[in-house]
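*Asks:* I'd like to ask you about the structure that follows.
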Amino acid sequence: MSVEKMTMSQLTILQSPFPNSEQGRAALNPNRVRCARETAGLSKVQLAERLGVTSRTIANYEEEGAPAAQLRELSQALHTMPSFFTPSPSDPDIGDLSEGQVWFRSLRKSTVRQRRSAVGHGRYSLLFFHWIEEHFHLPQCDLPMDEIDSSSTPKQTAIMLRGDWGYGENPLPDMTALAESHGIRVFSLPSVGKEVDAFSFVFNNVPYIAVDLQKSAERIRFDIAHEIGHLVMHENSLDERTSMPSRDVESEAHLFAANLLMPERRVKAIVPVHASLRDLLAAKKYFKVSAMAMARCAHEIGRLTDWEYRSMCSALTAKGYRAGEPNGIALEQSKVFRFVAQSNRDRGISTTTISEETGLTTQELHALSFGNLLAVTAAEKKPQHVEATAGQRPALSLHVNNEYQTE
52 MSVEKMTMSQ LTILQSPFPN SEQGRAALNP NRVRCARETA GLSKVQLAER LGVTSRTIAN
112 YEEEGAPAAQ LRELSQALHT MPSFFTPSPS DPDIGDLSEG QVWFRSLRKS TVRQRRSAVG
172 HGRYSLLFFH WIEEHFHLPQ CDLPMDEIDS SSTPKQTAIM LRGDWGYGEN PLPDMTALAE
232 SHGIRVFSLP SVGKEVDAFS FVFNNVPYIA VDLQKSAERI RFDIAHEIGH LVMHENSLDE
292 RTSMPSRDVE SEAHLFAANL LMPERRVKAI VPVHASLRDL LAAKKYFKVS AMAMARCAHE
352 IGRLTDWEYR SMCSALTAKG YRAGEPNGIA LEQSKVFRFV AQSNRDRGIS TTTISEETGL
412 TTQELHALSF GNLLAVTAAE KKPQHVEATA GQRPALSLHV NNEYQTE
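The structure is reproduced here in C-alpha cells:
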C-alpha cells in the first residue's frame with residue numbers, strides 16, 4: 052500500500068527528533084498566572100497590553116498554562132520571580148484561597164480589584180510561611196475556633212478568651228506577639244492595605260491575620276483583636292454569610308475587640324463618671340488603645356453622657372486624635388519575622404535565597420514581614436540553602452504572658 056492511499060488511522064505520527072523551541076516544554080502553572088495577575092491588580096486586558104498579546108491569550112494562560120517562552124515577560128509584568136510559575140508539588144495550592152474565605156475589615160470601602168489584590172498578597176503569605184515552617188518550628192494554633200457557643204455574646208466570648216489566655220482584667224500586652232504566641236500567622240500588607248485595611252482567613256486549619264502598618268499602633272492592636280473576633284466567632288459560619296443578612300458580623304467583631312482590649316470592670320475602675328479629657332487620655336494609655344475607642348467605650352458603659360461623648364469627640368478631633376495618635380505607643384513588631392531574620396543572618400541564608408525558593412520578590416518578602424527581610428544579607432557568609440529536618444529547625448518560643456508588666 053502506498054503512503055498516498057493510507058488513512059490517518061493507519062499512520063503512526065512520530066515526534067520529530069529535532070523539536071522546535073516550544074515543543075516538549077512544560078506550560079507555566081495556570082493558577083499561578085491568575086494569582087499573580089490579581090495580586091498585581093491587573094485586568095486580563097491590562098496584562099495583555101503589557102505582554103503584547105490578546106486578552107483571549109491571557110484567558111488561555113489562566114486556563115491551560117502559559118508557554119515557557121513567556122516566563123521572563125510574565126515575571127517582569129507581574130512582579131514575581133520566574134520560579135513562582137513553576138511550583139513544586141510540596142507547595143500549598145494557593146489558588147485554593149478564595150475571596151469568599153476572607154473576612155475583610157473594610158469591605159464596603161474597597162473595590163473588587165483591591166480585594167482580589169489583597170487576597171493575592173494573602174496567597175503570597177502562604178508561600179512565605181510555608182518556607183518558614185520548613186525551616187522553623189512555630190507555635191501551634193490553640194484558638195478555640197470550634198468551641199464557641201453560638202449563643203455567646205461578643206462580650207462573653209472576649210471574657211472567656213481572656214480567661215483562657217490568663218490575663219483576667221489586666222491590659223493585654225503586645226497584640227502582634229500575643230496573636231503569634233497562640234499560633235496565628237500575622238503578616239503586614241503591602242501598599243494595597245490602605246484600601247482594604249486588615250483582614251483574616253483560615254487555610255488548612257491555620258489562622259492568618261493581615262495588618263496595615265500605615266495605621267497607628269493603637270489601631271493596629273484593635274484590628275488584630277477585631278480579626279481574632281472573626282476567627283473565634285464566625286469562622287464556622289463563613290459559608291452562611293449570604294444567608295444571614297440580619298447578623299451584623301462586623302459589629303460583633305467590633306464589640307468583641309472592644310471587650311478584649313477594654314474589659315468593662317477594669318474600665319469602670321479606671322475611668323470615673325463624667326470623665327475629663329485627661330482621664331480619657333490616661334485610660335487610653337493604660338489599655339493601649341486609640342483615644343476615640345476609649346471615648347466610645349466610656350460612653351457605652353455610662354461613664355460619659357451623650358452630650359459629654361459628643362463634646363469629648365470634638366475635643367479629641369481638635370487635638371488630632373481622629374486622624375492619628377499624638378504621642379502614641381511604638382509600633383508593635385513581629386517576633387516571628389525578627390526571629391527568622393536573625394536566624395537566617397546567623398546561618399548565612401540571604402533574602403535572595405528565600406526569594407528564589409518561594410518565587411516572591413525581595414520587595415514582597417520585605418512588605419509581608421513587617422520590614423524585616425531586606426535587612427538579611429549574606430555579606431559575612433556565603434548564601435546557602437539549609438535542608439531542614441524536624442531536629443534541625445530552630446524553635447521559636449513565645450510566652451507573652453510571662454512578659455506582662457503593669458507599668
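For what it's worth, our numbering labels the leading residue of the sequence shown as 52, then goes sequentially. C-beta: ideal position from N, C-alpha, C; glycine also.
Keeping to the same chain, check which residues put their C-beta closer than 8 Å to that of L355; ignore five residues upstream and five downstream.
*Replies:* Position 304 of the sequence shown, counted from the first residue, corresponds to residue 355. If we look at L355 and ignore the five residues flanking it on each side, its Cβ neighbours are H325, A326, A346, A349, M363.
*Asks:* Could you check the C-alpha separation between T162 and K336 for me, to the nearest Å?
*Replies:* Here the question's residue 162 lines up with position 111 in the sequence shown. Here the question's residue 336 lines up with position 285 in the sequence shown. Cα to Cα, T162 sits roughly 35 Å from K336.
*Asks:* Using only the alpha-carbon positions, how far apart do M196 and G280 sit?
*Replies:* Translated into positions along the sequence shown, residue 196 becomes position 145. Translated into positions along the sequence shown, residue 280 becomes position 229. Taking the straight line from one Cα to the other gives about 10 Å.
*Asks:* Check for me: the beta strand (DSSP E) holding S251 runs from which residue to which?
*Replies:* As a working mapping, residue 251 is identified with position 200 in the sequence shown. Run containing S251: 250-254, per the beta strand (DSSP E) assignment.
*Asks:* Does DSSP put H188 in a helix, a strand or coil?
*Replies:* For the purposes of this step, residue 188 is taken as residue 137 along the sequence shown, with counting starting at 1. Note: H188 maps to strand in three-state DSSP.
*Asks:* In three-state terms, what does DSSP make of Y372?
*Replies:* Residue numbering aside, residue 372 sits at position 321 when the sequence shown is read from its first letter. Reduced to three states, the DSSP call for Y372 is coil.
*Asks:* Please list, in chain order, all residues of the same chain as S134 whose beta carbon is under 7 Å from its beta carbon, the five residues on each side excluded.
*Replies:* Translated into positions along the sequence shown, residue 134 becomes position 83. Cβ within range, chain order: E407, G410.
*Asks:* Only counting the same chain, and skipping five residues up and downstream in sequence, which positions put a Cβ closer than 8 Å to that of T412?
*Replies:* The residue labelled residue 412 in the question sits at position 361 within the sequence shown. Here the set comprises H130, T131, M132, S406.
*Asks:* Alpha carbon to alpha carbon, how far is D225 from R316? Give it in angstroms, no decimals.
*Replies:* Translated into positions along the sequence shown, residue 316 becomes position 265. Translated into positions along the sequence shown, residue 225 becomes position 174. The alpha-carbon atoms of R316 and D225 are separated by roughly 21 Å.
*Asks:* Leaving out five residues before and five after N80 in sequence, what residues of the same chain have Cβ atoms less than 7 Å from its Cβ?
*Replies:* As a first step, residue 80 is located in the sequence shown; it is residue number 29 there, counting from the start. Around N80: G116, F136, T137, P138.
*Asks:* Return yes when the Cβ of F388 is within less than 7 Å of the Cβ of F338, no when it is not.
*Replies:* Here residue 338 is taken as the residue at index 287 of the sequence shown, counted from 1. Here residue 388 is taken as the residue at index 337 of the sequence shown, counted from 1. No. Outside cutoff.
*Asks:* Return the CA-CA distance between T428 and F250, expressed in angstroms with no decimal places.
*Replies:* Within the sequence shown, numbered from 1, the residue matching residue 428 stands at position 377. Within the sequence shown, numbered from 1, the residue matching residue 250 stands at position 199. With a pLDDT of 44 at T428, under the threshold of 50, the modelled position of that residue is not reliable, and the figure given next carries that caveat. In a straight line, the C-alpha of T428 is about 31 Å away from that of F250.
*Asks:* With a cut-off of 8 Å, do at least 3 Cβ pairs link the region 301-309 to the region 270-285?
*Replies:* Counting Cβ pairs under 8 Å, three or more are found: they touch.
*Asks:* Would you give the residue range spanned by the alpha helix (DSSP H) that S239 belongs to?
*Replies:* What you label residue 239 is simply residue 188 of the sequence shown in a count that begins at 1. Looking at the DSSP string, S239 is not in any alpha helix (DSSP H); the run it does join, the beta strand (DSSP E), is 236-239.
*Asks:* Which residues share a DSSP beta bridge with Y259?
*Replies:* Walking along the sequence shown from the start, residue 259 turns up at place 208. According to DSSP, which records beta bridges pairwise, Y259 is partnered with R236, F252.
*Asks:* Could you tell me the alpha carbon to alpha carbon distance between T227 and R101, rounded to whole angstroms?
*Replies:* Working through the sequence shown from its first residue, we reach residue 227 at position 176. Working through the sequence shown from its first residue, we reach residue 101 at position 50. Approximately 39 Å, taken between the alpha carbons.
*Asks:* May I have the straight-line CA-CA distance separating R164 from P323, to the nearest angstrom?
*Replies:* Here residue 164 refers to the residue found at position 113 of the sequence shown. Here residue 323 refers to the residue found at position 272 of the sequence shown. Near 47 Å, if we compare the C-alpha coordinates of P323 and R164.
*Asks:* Looking only at its own chain, which residues have a Cβ that is under 8 Å from the Cβ of E376, when we skip the five neighbours before and after it?
*Replies:* Indexing the sequence shown from 1 puts residue 376 at position 325. Taken in chain order, the residues that qualify are S267, A268, E269, R270, S341, A342.
*Asks:* Let me know if Q127 comes out buried or exposed under the rule of 16 or more other beta-carbons within 10 Å of its beta-carbon.
*Replies:* Along the sequence shown, read from residue 1 onward, the residue named residue 127 stands at position 76. So Q127 ends up on the exposed side.
*Asks:* Whole angstroms is fine: what's the gap from C192's alpha carbon to L282's?
*Replies:* As a position in the sequence shown, residue 192 is number 141, starting the count at 1. As a position in the sequence shown, residue 282 is number 231, starting the count at 1. Rounded to whole angstroms, C192 to L282 spans 12 Å at the Cα level.
*Asks:* Could you pull the DSSP bridge partners for W154 from this structure?
*Replies:* Translated into the one-based positions of the sequence shown, residue 154 becomes position 103. Note: W154 sits in a beta bridge opposite S251.
*Asks:* Can M284 and I199 be called in contact, C-beta distance under 7 Å?
*Replies:* In the sequence shown, the residue the question calls residue 284 occupies position 233. In the sequence shown, the residue the question calls residue 199 occupies position 148. Against a cut-off of 7 Å, the Cβ pair of I199 and M284 comes out as a contact.
*Asks:* Measure the Cβ-Cβ separation of G103 and S168 and say whether it is below 7 Å.
*Replies:* The sequence position of residue 103 within the sequence shown is 52, counting from 1. The sequence position of residue 168 within the sequence shown is 117, counting from 1. No.
*Asks:* Using the rule of at least 16 other Cβ atoms within 10 Å of the residue's Cβ for burial, across every protein chain shown, is A374 buried or exposed?
*Replies:* Walking along the sequence shown from the start, residue 374 turns up at place 323. So A374 counts as exposed.
*Asks:* From the DSSP secondary-structure annotation, give me the bridge partner or partners of A268.
*Replies:* As a working mapping, residue 268 is identified with position 217 in the sequence shown. Paired residues: none, contrary to the question.
*Asks:* What does a CB cutoff of less than 7 Å around V391 pick up in its chain, not counting 5 residues either side in sequence?
*Replies:* What you label residue 391 is simply residue 340 of the sequence shown in a count that begins at 1. Excluding sequence neighbours, V391 sits near I183, F187.
*Asks:* Confirm, please, whether the CB-CB distance from V243 to I260 is below 7 Å.
*Replies:* Here residue 260 is taken as the residue at index 209 of the sequence shown, counted from 1. Here residue 243 is taken as the residue at index 192 of the sequence shown, counted from 1. No. Outside cutoff.
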